[in-house]
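To start, the structure itself, in structure tokens.
Protein chains in written order, with full-length UniProt numbering: chain A, 1 to 445; chain B, 1 to 445.
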């Protein structure tokens with residue numbers, strides 16, 4: 001049992017890899033995203049390496065061109081439940097939208113995943129940008145950014161009440177008396193708010209973790225405030241250590257201002273490892289992937305994010321000066337700013353920017369040798385930039401394999417990463433407490 | 001390969017058994033409903049016996065007293081996905097509500113279960129009676145019976161369009177050209193109806209079965225019309241062979257009137273087997289279970305279904321004459337009539353009625369020896385009353401074990417039930433065709 005501060009690793013599963021052209025590599029299976037055995041293999045590798053968790057992104061709509069890369073994934077709670085059956089320790093974090101779900105249904109489903117996995121469920125809370133999703137749910141356009149976050153906040157209130165609506169000792173199973181569960185320990189929640197009216201209780205006993213680990217990934221002002229109030233782990237895209245340090249300090253400050261313990265919120269920047277035996281080898285892999293990007297698809301996607309006509313983006317010129325600005329964006333504000341800042345800071349042409357985004361979509365790409373990557377991880381971890389990383393291999397499974405075979409052992413030797421799981425639940429892996437039940441608390445007072 | 005008409009068996013999973021007092025038996029585990037290993041064991045027994053499918057009921061609210069019996073189950077798509085991982089052939093039928101889900105979310109999730117299980121998903125379509133459920137979704141009371149079925153019909157239109165929105169050959173995976181999927185074979189659905197506006201396409205390729213097997217269980221006039229239009233298998237409660245024959249003929253007639261093939265809709269009455277080596281032994285097991293019913297709970301539940309005050313139901317008197325009548329019921333109309341008809345026909349006291357409902361909730365209880373039960377099954381099957389049965393053991397797992405060890409072999413010897421799976425998908429087990437894709441059809445014409 002170590003008491004030193006330890007790194008946390010989450011594996012961000014993403015088809016054949018996070019690089020958008022990874023499916024075009026000779027060894028890639030372009031139907032991997034629909035293949036349970038493929039995902040089992042990845043989960044096994046990550047669990048053998050003692051990663052904290054697996055994670056799946058999601059949105060209820062197609063994301064742009066279907067020609068560009070594999071689309072149409074298996075819904076995360078379904079895929080992770082299937083993976084729960086063939087793993088025993090690794091956490092399982094599913095993305096689900098507060099804008100396009102009902103709190104009762106989603107709270108109940110996540111509780112079920114926590115039961116099925118014996119305490120390994122996590123929820124990446126998203127508000128879902130984009131009009132494509134909105135139009136699958138009876139709306140003409142997406143709700144405003146602020147409105148989505150207001151709904152999300154009330155959604156979390158409802159969900160946590162529902163998860164607490166059964167006290168942990170409600171089931172008594174008294175066969176002789178014929179009393180299965182004590183009605184006095186199962187509470188209606190009677191929620192009446194601006195967005196939701198939910199009577200409760202949940203139709204499920206409180207799950208092993210109390211409720212799933214709450215994860216959040218938006219880095220806008222609204223997103224950071226929401227994270228400070230609710231998140232226990234934060235996925236974030238930080239291109240440089242300086243920006244990561246600013247973000248880290250800002251989040252921990254906000255968490256403290258909410259009256260929460262900053263150690264109970266783990267900040268995990270995205271990390272796209274591109275690993276070679278030599279730096280040159282790593283760069284060649286990078287270049288090979290970038291050559292496989294179809295520039296027209298990528299430009300169309302970039303234009304959509306920037307809210308401009310694709311024709312206004314010349315491949316060999318920098319971004320135009322007259323972009324609409326973050327305030328005009330009602331989709332993902334933080335993603336917009338990340339991309340524009342990156343292009344301006346490094347004075348990239350559109351073609352160069354596409355290459356950078358194709359690899360890590362704005363996340364930090366670490367191209368180098370195993371030792372160089374381990375050094376960078378340690379540097380970020382020990383200098384207030386990260387509590388761990390969201391590992392996003394450009395190519396799967398090979399990028400994961402080389403990371404766990406070559407980088408993880410270095411970090412273990414340095415005493416920075418576990419060699420065995422010490423806890424049983426996902427929340428225990430991240431060093432987070434099991435939430436106190438608000439109704440038990442209320443009845444004690 | 002047999003061409004004879006064959007029985008179909010579905011196992012209705014239900015905690016420690018369908019008898020409401022089954023959890024109070026000495027061997028029962030009162031936490032079985034939360035135990036994945038327990039469900040795996042039941043699934044294994046049913047798959048070894050070559051059952052067509054497993055089935056889970058569901059509703060988004062607690063159903064009455066929590067003291068009475070185990071409540072708060074694992075959500076069916078989650079539990080069945082977990083069971084998909086440890087089975088390979090048996091079908092997996094999840095109940096989900098058209099009143100309290102969005103079509104995009106549910107269509108997508110069921111498609112995912114079909115992918116994960118390699119073509120074994122089924123959907124038991126319910127409109128969800130009761131104000132408890134309504135109050136978890138912002139409503140004060142349940143929508144009217146007719147309105148629920150209108151929404152359900154439009155829900156199915158949307159869902160089937162979404163399932164067809166990717167043609168089966170949309171993915172081309174052309175690495176050289178950099179084209180993963182053909183945009184021309186992925187169709188927006190542009191649905192605009194009274195209840196839903198859904199743009200589509202689904203964010204998932206068409207699943208192995210095209211779409212999940214469609215199952216329905218309501219037996220009201222609205223329910224039967226809905227079933228005739230959409231269902232491929234029907235679960236129904238039929239207390240006598242005569243009533244089952246009438247129902248069977250009525251359904252097949254309605255299916256024909258819809259322009260569908262009556263053989264493509266399988267009628268499966270519920271069957272609660274209580275099996276003994278002798279008739280006396282079977283009756284003793286029945287009686288032991290009924291002694292364990294807590295009459296106050298059961299009377300409260302009965303009063304709720306009948307829309308009367310519990311105090312008006314004297315235990316040792318028949319039902320009062322002045323009941324409100326099916327027309328006044330906006331919940332489950334067919335269940336109301338089933339109970340009242342049963343009590344009147346057999347002139348039961350409230351106490352006797354509670355005993356009958358505690359065992360099979362109005363479904364046909366077969367109490368007897370293995371040969372007697374096999375004879376009855378054969379009689380119903382060969383005389384236009386059933387295409388198979390929804391097996392609802394009063395006690396689990398023991399009631400299932402004795403059914404598969406003692407009754408199934410008799411039916412196999414008589415050539416009425418398969419000894420090996422012949423198909424791969426759930427739809428193949430039931431002898432049903434894979435649905436034609438409406439968009440492929442449209443583009444060919």
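Ideal placement from N, C-alpha and C gives every residue a C-beta, glycine not left out. Note that the structure is a prediction, hence the values are computed from the model and not measured.
**Study point:** Within 8 Å of chain B by C-beta, residues of the segment 75-98 of chain A in sequence order
**Key:** 75, 77, 78, 79, 81, 82, 84, 85, 86
Review point. Rounded to the nearest angstrom, how far is the Cβ of residue 249 (chain A) from that of residue 119 (chain A), given a contact under 8 Å?
Key: Going by Cβ atoms, the distance from residue 249 (chain A) to residue 119 (chain A) rounds to 32 Å, so no, they are not a contact pair.
Practice item. Would you mind telling me which residues of chain B sit closer than 8 Å to residue 304 (chain A), beta carbon to beta carbon, in chain order? Key: Neighbours of residue 304 (chain A) on chain B: none; closest Cβ ~15 Å, over 8 Å.
Exercise for review: Give the DSSP-derived three-state secondary structure of residue 210 (chain B) in the structure shown.
Suggested key: strand
Practice item. Could you check what DSSP says for residue 319 (chain B) in three-state terms: helix, strand or coil? Key: coil
Check your understanding: What in chain A is Cβ-close to residue 66 (chain B), meaning under 8 Å?
Key -> 170, 180, 181, 182, 183, 186
Practice item. With distances taken Cα to Cα, identify the nearest neighbour of residue 32 (chain B) among A:45, A:105, A:74, A:115. Key: A:115
Exercise for review: Can you pull the chain B residues whose beta carbon is under 8 Å from the beta carbon of residue 193 (chain A), in chain order?
Suggested key: By Cβ distance, chain B contributes nothing, its closest Cβ being about 10 Å from residue 193 (chain A), past 8 Å.
Point to revise | Interface flag, residue 200 (chain A) vs chain B, CB-CB below 9 Å | key: yes
Review point. Which of the three DSSP states, helix, strand or coil, is assigned to residue 407 (chain B)?
Key: helix
Exercise for review: Give a yes or no on whether the minimum CB-CB distance between residue 332 (chain A) and chain B is below 9 Å.
Suggested key: no
Exercise for review: Identify, in the order they occur along the chain, each residue of the same chain with its Cβ nearer than 7 Å to the Cβ of residue 416 (chain A), setting aside the five sequence neighbours on each side.
Suggested key: 6, 7, 378, 381
Review point. Can you name the residues that DSSP bridges to residue 286 (chain A)?
Key: Per DSSP, none; premise fails for residue 286 (chain A).
Point to revise | chain B contact residues for residue 115 (chain A), given Cβ-Cβ distances below 7 Å | key: 34, 74
Check your understanding: List, in order along the chain, the chain B residues whose C-beta lies closer than 9 Å to that of residue 100 (chain A)?
Key -> 102, 104, 105
Practice item. Taking all protein chains shown into account, decide if residue 201 (chain B) is buried (16 or more other Cβ within 10 angstroms of its Cβ) or exposed. Key: buried
**Study point:** Between the CA atoms of residue 400 (chain A) and residue 51 (chain A) - distance to the nearest angstrom
**Key:** 11 Å
Exercise for review: Measure the alpha-carbon distance for residue 293 (chain A) versus residue 301 (chain A) and round it to whole angstroms.
Suggested key: 12 Å
Review point. Under a CB-based cut-off of 9 Å, is residue 59 (chain B) close to chain A?
Key: yes
Check your understanding: Just curious, the alpha helix (DSSP H) that residue 23 (chain A) is in, first and last residue?
Key -> Run containing residue 23 (chain A): none; DSSP gives neither H nor E here.
Review point. At a CB-CB cut-off below 8 Å, which residues of chain C make contact with residue 218 (chain B)?
Key: The structure shown contains no chain C; the protein chains it does contain are A and B.
Review point. Going along the chain, which residues of the segment 131-154 of chain A sit with their C-beta nearer than 7 Å to a C-beta in chain B?
Key: 135, 136, 137, 138
Exercise for review: From the DSSP output, in three-state form, read off residue 235 (chain A) for me.
Suggested key: strand
Review point. Considering residue 171 (chain B), what are the terminal residues of the alpha helix (DSSP H) in which it resides?
Key: Per DSSP, residue 171 (chain B) belongs to no alpha helix (DSSP H); it is in the beta strand (DSSP E), 171-174.
Check your understanding: Heavy atom of the ligand NAP less than 8 Å from the Cβ of residue 303 (chain A), yes or no?
Key -> With respect to small molecules bound, the structure shown includes none, and the ligand NAP cannot be examined in it.
Check your understanding: In chain A, which residues lie with their C-beta within 8 Å of the C-beta of residue 62 (chain B)?
Key -> 186, 201, 203
Point to revise | Alpha-carbon spacing of residue 132 (chain A) relative to residue 342 (chain A), whole angstroms | key: 26 Å
Exercise for review: Closer than 8 Å by beta-carbon distance: list the chain B residues that pair up with residue 294 (chain A), in chain order.
Suggested key: 178
Check your understanding: Where does residue 258 (chain B) land, buried or exposed, given buried means 16+ other C-beta within 10 angstroms?
Key -> exposed
Practice item. Give the secondary structure of residue 324 (chain A) by DSSP, where H, G and I count as helix, E and B as strand, and everything else as coil. Key: coil
Exercise for review: Please list the partners that residue 71 (chain B) has in chain A, where partner means a Cβ-to-Cβ separation under 8 Å.
Suggested key: 180, 181, 203
Check your understanding: Do you know offhand how far residue 214 (chain B)'s Cα is from residue 98 (chain B)'s?
Key -> 13 Å
Check your understanding: residue 154 (chain B) and residue 104 (chain B): beta carbons closer than 9 Å?
Key -> no
Review point. Would you report the Cα separation of residue 229 (chain A) and residue 266 (chain A), rounded to the nearest angstrom?
Key: 13 Å
**Study point:** Inter-residue Cα distance where the pair is residue 75 (chain A) and residue 58 (chain A)
**Key:** 7 Å
Review point. DSSP state of residue 101 (chain A), grouped into three classes?
Key: coil
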